[in-house]
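Read through the structure below, which is laid out as structure tokens, and then see the notes.
Numbering (the numbering used here), first residue to last: 5 to 254.
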């Protein structure tokens, strides 16, 4: 389909990125011919776009036990509910506290970094240790403790950049144009990873029962294609002897 957004014409600084997210079905407009690049992106919008990205790559979008939020309706037909349920069940986000997801609240730059970082670690099982070095931003002390590693990794990769003056602005709301840029860089980074396997096909690793004296192992899960452990096996403590019932041995 022809590019429809009159407010992001050719030559606009984010045209290439908006065209990419539109053509790949990640983001649509706010109207028939408007993208609204300067409008704030909300938390539910961001996890919906990430959910769409995962679905494009035939990943396992199975949703685990659903955590309920007081501000998220139960109806799965509402456009943002499937994305939230998926993101929460995959431990990409747990809401903002107080039983709320934060519907309608802007996704901040540090929250966005955390969502993408957790997705790369937990869903794609990428080894990101090479990008965990420190970063130097003038306002780095303003980064929340829980977001510092994620911000550092995404900054070192080049997905999240500062404002050109040495500030990363961790608490600043993300605009729709900025989100388009972030997703373009995020996807480009993943496409360039030769070791990346999306673990579409997995197999169960059988467990073993514990005995009185020997430990057992729980079931695990491993990728059929690359062998990556998806669910690690856990040791089961030996049962020990059950006293009280005696059998005479002659």
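Where a beta carbon is used, it is the ideal one built from N, C-alpha and C, also for glycine.
Query, Result
"Minimum C-alpha distance to residue 234 - residue among 125, 31, 163", "125"
"Ordered list of beta strand (DSSP E) runs contained in the segment 5-59, each at least 3 residues", "none"
"Exposed unless 16 or more other CB atoms sit within 10 angstroms - verdict on residue 42", "exposed"
"Span separating the alpha-carbon of residue 86 from that of residue 111", "18 Å"
"Contact with chain C by residue 148, beta-carbon distance below 8 Å", "In the structure shown, chain C cannot be found, because there is only a single protein chain."
"Collapsed DSSP secondary structure at residue 162 in the structure displayed", "coil"
"Close Cβ partners of residue 103 (< 7 Å) along its chain, the five nearest in sequence each way excluded", "73, 74"
"Those residues which DSSP pairs with residue 233 across a bridge", "226"
"Whole runs of the alpha helix (DSSP H) within the segment 170-209, excluding any shorter than 4 residues", "180-195"
"Beta carbon of residue 96 nearer than 8 Å to that of residue 122", "yes"
"Residue 101 - partner residues in DSSP beta bridges", "104"
"Inter-stretch contact (C-beta, 8 Å, three-pair minimum) for the segment 204-223 and the segment 44-57", "no"
"Option nearest residue 145 by Cα separation, candidates 130, 167, 133, 174", "174"
"Beta-carbon proximity list for residue 243, same chain, < 6 Å, skipping 5 on both sides", "214, 216"
"Own chain partners of residue 91 with C-beta closer than 8 Å, once the 5 adjacent residues on each side are dropped", "51, 54, 55, 97, 119"
"Of the residues 27, 8, 10, 171, the one placed nearest residue 187, counting alpha carbons only", "27"
"Simplified DSSP assignment, three categories, for residue 241", "coil"
"DSSP state of residue 221 mapped onto helix, strand, coil", "strand"
"Residue 110 - DSSP class collapsed to helix/strand/coil", "strand"
"Residue 114 burial status per 10 Å Cβ neighbour count (16 or more: buried)", "buried"
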